[in-house]
Each structure stands twice: as C-alpha cells, then as structure tokens.
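S.K.: Would you mind keeping the following structure in view while I ask a few things?
Residue numbers (this note's numbering): 2 to 62.
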C-alpha cells in the first residue's frame, strides 16, 4: 500500500479503535518495509503478513 492510499482507507473506517489499530499497524509495517529494503533482508515477510491481517479483519478491501 502506498502512502496516498492510507488517508483514503482511513476515511472508510468508522470506529475510532479500528482507526487507531490501522494507523499503528500501518506505521509499524512501513518501518519494517524500510528496514527490509535497507538491509536487503527478504526472508521474513512479517510486514506483508501484518498488512494482510489488517485488511482481512478490517474489511477494507
């Protein structure tokens, strides 16, 4: 998910708790992605798993 999509998806969430969880998980995933690219480590795709879990349970896609 790119940074332009983040505000669009955030508007679709009605619950404040769900918005908080989505925001935190997005920021964590973004840091993990940057670290994976910086150190060229692609063996553990935890950020992708986190991203898919948030979308699966939030029902955004």
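Even glycine gets a Cβ: it sits at the ideal position worked out from N, Cα and C.
Can you check whether the CB of residue 59 is closer than 8 Å to the CB of residue 30?
M.R.: no
S.K.: Quick one: is residue 23 buried, meaning 16 or more other Cβ sit within 10 Å of its Cβ, or exposed?
M.R.: buried
S.K.: Where do the ends of the alpha helix (DSSP H) carrying residue 16 lie?
M.R.: Note, residue 16: premise wrong, no alpha helix (DSSP H); not H, not E.
S.K.: Hey, is residue 19's beta-carbon within less than 8 Å of any beta-carbon in chain C?
M.R.: Of the protein chains in this structure there is only one, and it is not chain C.
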